[in-house]
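Visitor: Right, I'll just put the structure down here and ask away after.
In our numbering, the protein residues as written are 12 to 122.
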């Protein structure tokens, strides 16, 4: 699996998961904090959710929805450089939202 596939599957798909208390922090949260520190996306969870088109969705629907958007971001140059990562704006928003979401409450359930 390439980096992009990893990000989409662990972030977009993992957003519905309920991480166990005390579990190691997932990589998307670390990337998300870097994105937030860089100031390349909104810091408001509601704005991030709206920008990602999040609502009640299944894992498969999220993956199918975000993949072409991420590809379009790269095609149109909608990218950001954050601590050595080249991310599409959509990926940066997903990571930032993951970093802002309460770990114990689960990702999408908390939104």
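We put the beta carbon where it would ideally sit given N, CA and C, even for glycine.
Just verifying my parser: in three-state terms, what is the DSSP assignment at residue 97?
Guide: In the structure shown, residue 97 sits in a strand (DSSP, three-state: E or B).
Visitor: Check residue 91 in the structure and name its three-state DSSP category.
Guide: Here residue 91 sits in strand by DSSP.
Visitor: Hey, would you say residue 77 sits closer than 8 Å to residue 42, going by beta carbons?
Guide: Result no, Cβ atoms of residue 77 and residue 42 do not sit closer than 8 Å.
Visitor: Mind checking residue 61: buried by the 16 CB within 10 Å criterion, or exposed?
Guide: Flag for residue 61 reads exposed.
Visitor: Please classify residue 84 as buried or exposed, where buried requires at least 16 other C-beta atoms within 10 Å of its C-beta.
Guide: With 16 or more other Cβ atoms within 10 Å, it is buried.
Visitor: Please confirm whether residue 110 and residue 47 have their CB atoms less than 8 Å apart.
Guide: Yes, these two residues count as a Cβ contact at 8 Å.
Visitor: Applying the criterion that 16 or more other CB atoms from any shown protein chain within 10 Å of the CB defines a buried residue, is residue 39 buried or exposed?
Guide: So residue 39 ends up on the buried side.
Visitor: How many angstroms separate the CA atom of residue 74 from the CA atom of residue 89?
Guide: Cα to Cα, the separation comes out at about 19 Å.
Visitor: Could you check which residue in 50, 102 and 53 has the C-alpha nearest to that of residue 79?
Guide: Comparing Cα-Cα distances from residue 79 to each of 50, 102 and 53, the minimum goes to 102.
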